[in-house]
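The next block holds one structure in the form of C-alpha cells; read it before the comments.
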Amino acid sequence: MNVTAIIMFFLFVGVTLVITVWAAKRTKTRSDFYAAGESIGGLQNGLAIAGDFMSAATFLGVTALVYSTGMDAMLFIIGGTLGWAVILLLVAERLRNLGRYTFSDVVAFRLERKSVTTMSAIGSLAVAIPYLLAQMVGAGALIQILFGMPYEVAVILVGVLMTLYVMFGGMLATTWIQTIKAVLLLVGGTILGLGVMSMMNFDFGALVTAAVSEHPKGSAIMAPGVMFTDIITIISIGLAFVFGTAGLPHVLMRFFTVPDALQARRSVAYAIGFIGYFQSLIFIIGLGAVVYVTNNPEFLTADGSLIGGTNMATVHLSKVIGGDLFLGFISAVAFATILAVVSGLTLSAAAAVSHDLYANVICDGDSDRDTELKISRITTLVIGLTTMALAILLEGENVAVLALIALAIAASVNFPVMFLSMYWSKFTTRGALAGGYAGLATALILVLLGPTVWVTLFGFDTPIFPYHYPTLFAMLANLSCAYWFSVNDKSDRAFAEIESYDAQWIRSEIGPL
Amino acid sequence: MLSQRDKEILTNKDFDKLVTIRRRVSWSFLLVLLGLYLAFGLLSVYFPEVLARPVFAGGVVPFGVVMGYGILSMIFIATLVYVLIANRYLTPLKRKVIAAAGKEQ
C-alpha cells in the first residue's frame, strides 16, 4: 500500500467528481452532451486530444516496448506521432466543417444516411468496445499492483467512475478530466525524462552505453530486429498507427467540441506538440528503465522477472527517481490516465448508439431531444455494466488481441470510408458499404486465424494467417471493394451522390455559410 | 444539384487558390513524412546494419535513434509550417470567398 498514491488518487477522483457535478448543470442540449456545447478552445482541446491518445498503452506499454526491444519501439513512437500529422493535414478541418457530433455525420453527408450511418456506427462500436475492454482489464491488473486492491474492486471502481462522468457530465466533464490528466501526465513524463537524463549528466551517449551494458540482449537493442523482422508486419503496424489514429471514434469526436475549423486546426497543432514531446520522452524513459530497473533486485521476483511484468517498468523507474512520493504520483497519474481514456471511449460508444443509430437511423434524423439524451445515458449505463462484468470474467486473459482488433478496425473500416467520402467524388453508398463491411470482415477473420487467437487462445499449433497484424490486408480489402463497387454503381442514387460531391467539397473547404 | 451560390464559389479564383495551396502543401508534407517513415521500416528489415551503425565514428548513438528523433522533429516542423501557411494564406482566402458568396446572395 502506497499512502501517497492513495491520497493523490482520492484527490484526483474528488476533483473529477466536482467537475462532473458542475458539468451536469451545464449539460442540457445534445450539443452540450456530445460536443461540450462546441465551446472548447484550441489549446484545451489540444491537451484533451493529446490526453485521449496518451493512454496507459502509450505511457506504460510503449515504454515497456523500449524497455524490452530498444530501437524497434521507434516504429511505435514515430507512427504514433505521424498519425496526427495525417489528421492535421487531411482530416481535422474538413471533419469540423462537415460533421456535427460524430464522424458518421461526415460519411453520411452526401451518401444514403441510414445504411451508411449504421455501418460507421458499427465501425465506431467495433473500435470503442474492444479498446474499452482492453483498457479495463489492463487497468484492473495495474491497479491491483499499484494500490494492492483486489482486481474486481479495481474494475468496479473504474467502471462506476467512468459511467458517472459520462452519464452526468457528458463531453464537458470528459474534456476537463482529459485535460487535467494530460497536464499531470506531461508533468510526470517530464520529471521521469529529466530524472533519467540528470542521473546521466545529460549525456545521451552515456544513457545508450549504460542501457546496452545493462540489457540482457546487449547491443542488439540499439539495432532493429529484436521483435519485428518482416516487412508485412512492419507495414501493418505503420498503417495501423498512421491511419488508425484518424479512425478512432473518441478522438474524432473531439473535433466537434470546438467552435470552428480554425480552432480544430489549432487543436491538432497543439496536440501534435504535446504528443510529439511526450513520445520523444518515452524513448528516454524506456532506456532509463533498462539502466535502473533491469538488474535492480528491489524490482525483481524470486525467478528474476520484473514485478508486475514489463508494463511496470515505468512505475518502478519512478521509485528510483523520486522515491515513494514520486512513485505515488506516477501511480495516481497512471490510474487517472486509464479513467480519462475509458470515459472518452464510453462517450463515443454511447454517441454511436444514441446519435448515429437512434437519432439518424431509427428516427431518420428527427429525434426528440430528451428521449435521445435519455437513450445515450441508458447506453452509457449498459456499456458501463457490461464492460465491468466482461472485464471481471476476462481477468488474467491475454487482452492484447482486443487492442489489436480496435486499431485494425479503425484503420481498415472507419478511416478509409471517411477519407474516401471526403476526397473521392465518385465514392457511392454502395462502395462505402461494400468497402466498410469488407474491411471489417477481413480484419476480424484475419485476427481470428492469426497467431494471437488461433494459437494462443485456441491452442492450435500453427496459425492459418501468419501475421499478428491484419491492417495491410484489411485496408486493401476495404479500398478495393470501395473502388470496384463505386465505379460499377450505375444507379440513379449513385449519380445523385456523385453530383452532390461539389457542394460537399465547398462546404468542407470553407465551412457552413 | 448545385445552388447558384455554389456554382459561383466554384468559379471564384480565390476558392481555386485556396484549394490548390491546401492540396499542394498537405500532400507534399504528408508524402515526405510517410516516405521517411517507410524508409525507416524498410531499413530496419533490409539494412538493419545501417540503423545500428553509430552516427559518429567511435560514438555510441546509433543512426536509427537519430533518424527516429529526426522524423519526430520533421513532424513538428511540418505542423508549424502548415499552421503558418494556413493562418497567413488559407484563412484570409477563405474569408474572401465567404464574403464574396455573401455579397452575391
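Order-wise, the sequence lines are chains A and B. Everything in the first sequence is counted per our numbering, starting at 32 for the first residue and increasing by one. Everything in the second sequence is counted per our numbering, starting at 44 for the first residue and increasing by one. Cβ coordinates follow ideal geometry from the N, Cα and C atoms, glycine included.
Proximity of chain A to residue 84 of chain B at the Cβ level (cut-off 8 Å) is accounted for by 106, 262, 265, 266, 269, in chain order.
For residue 136 of chain B, the CB contacts under 7 Å within the same chain, skipping 5 residues up- and downstream, are 57, 60, 61 in chain order. Against chain A, the CB of residue 49 of chain B has a partner CB under 7 Å away; the residue lies at that interface. Residue 98 of chain A sits away from residue 437 of chain A, with the two beta carbons spaced by 7 Å or more. Membership of residue 125 of chain B in the alpha helix (DSSP H) is indicated by the continuous run 106 to 128. Judged by their CB atoms, residue 149 of chain A and residue 378 of chain A are not nearer to each other than the 7 Å cut-off. Flagged as an interface residue toward chain A: residue 76 of chain B, by a C-beta distance shorter than 7 Å. Scanning its chain for C-beta atoms nearer than 7 Å, with the 5 sequence neighbours on each side dropped, one finds around residue 39 of chain A the residues 359, 360, 363, in chain order.
Residue burial annotation: residue 492 of chain A is exposed, with fewer than 16 other C-beta atoms found within 10 angstroms of its C-beta. At a cut-off of 7 Å between beta-carbon atoms, residue 534 of chain A makes contact with chain B. Contact of residue 129 of chain B with chain A by beta-carbon distance below 7 Å involves 296. Under DSSP, no beta-bridge partner is assigned to residue 376 of chain A. Per the DSSP secondary-structure output, residue 331 of chain A pairs in a beta bridge with A:337. Under the three-state reduction of DSSP output, residue 97 of chain B falls in the strand class. Taking a contact as a CB-CB distance under 8 Å, the pair residue 167 of chain A and residue 190 of chain A counts as one, their CB atoms being some 7 Å apart. For the segment 252 to 321 of chain A, the full-length alpha helix (DSSP H) segments reaching 4 residues or more read 262 to 275, 280 to 284 along the chain. By the CB criterion at 7 Å, residue 210 of chain A and residue 78 of chain A fall inside the cutoff. Residue 144 of chain A carries a helical assignment under DSSP once its states are collapsed to helix, strand and coil.
Separation of residue 100 of chain A and residue 247 of chain A (C-alpha to C-alpha, rounded to the nearest whole angstrom) is 10 Å. Contact note: residue 122 of chain B reaches chain A through 116, 119, 300, 303, using a C-beta cutoff of 7 Å and chain order.
Just so you know, the alpha carbons of residue 250 of chain A and residue 257 of chain A end up roughly 11 Å apart. Between the segment 302 to 313 of chain A and the segment 537 to 544 of chain A, the count of C-beta pairs closer than 8 Å stays below three; the two stretches do not touch. Counting of Cβ neighbours within 10 angstroms places residue 530 of chain A among the exposed residues, the total staying below 16. Beyond the five residues adjoining it in sequence on each side, residue 43 of chain A comes within less than 7 Å, by CB distance, of 363, 367 in the same chain, given in chain order. A distance below 7 Å separates the beta carbons of residue 164 of chain A and residue 433 of chain A.
Cβ-Cβ separation between residue 391 of chain A and residue 158 of chain A: approximately 18 Å, too far for a contact (criterion under 8 Å). In the three-state scheme derived from DSSP, where H, G and I count as helix and E and B as strand, residue 482 of chain A is classed as helix.
Distance from the CA atom of residue 34 of chain A to the CA atom of residue 342 of chain A, rounded to whole angstroms, is 22 Å.
The C-alpha of residue 416 of chain A lies about 20 Å from the C-alpha of residue 403 of chain A. Assignment of residue 135 of chain B by DSSP, reduced to helix, strand and coil, places it in the helix class. In this structure, DSSP gives residue 394 of chain A a state outside helix and strand, which the three-state scheme calls coil. The DSSP-derived three-state label of residue 405 of chain A is helix. Taking CB atoms only, residue 132 of chain B has no neighbour in chain A less than 7 Å away. Put simply, the CB of residue 276 of chain A is far from chain B, with every gap to its CB atoms at 7 Å or more. Sorting A:126, A:146, A:112, A:176 by C-alpha distance to the C-alpha of residue 301 of chain A places A:112 at the top. Just measuring C-alpha positions, the residue of A:61, A:505, A:354, A:387 sitting nearest residue 202 of chain A is A:61.
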